[in-house]
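Going by the numbering used here, the sequence shown opens with residue 52, and the numbers climb by one from there. Just so it is clear, CB atoms sit at the ideal spot from N, CA and C, and this is done for glycine as well. In what follows, a structure is listed as structure tokens, so that the remarks can point back to it.
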Amino acid sequence: MNIAVAVPQNIGPLVGALVVASTGGFVWLFVLSGAAAIAGALCVLRVRSVR
52 MNIAVAVPQN IGPLVGALVV ASTGGFVWLF VLSGAAAIAG ALCVLRVRSV R
């Protein structure tokens with residue numbers, strides 16, 4: 052589980068910097084972050100139970 056946490060924490064700032072640099076502001080970074088959160092929530096809805 053350590054790599055499942057460490058990789059996104061290392062890649063996130065790089066992706067965020069690329070989005071801010073390419074769009075010229077933080078608005079699209081927040082929009083993409085919200086879309087990722089909603090997509091993650093929809094994926095969790097498919098989980099029926101924890102064993």
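For V78, the secondary structure class from DSSP, reduced to helix, strand or coil, is helix.
Here DSSP, grouped into helix, strand and coil, assigns V98 to coil. Taken atom to atom, the span from the alpha-carbon of M52 to that of G75 is near 35 Å. Within the same chain, and ignoring the five residues on either side of L83 in sequence, the residues whose Cβ sits closer than 7 Å to its Cβ are V70.
The distance from the Cβ of L80 to that of G63 is about 11 Å, inconsistent with a contact at the 8 Å cut-off.
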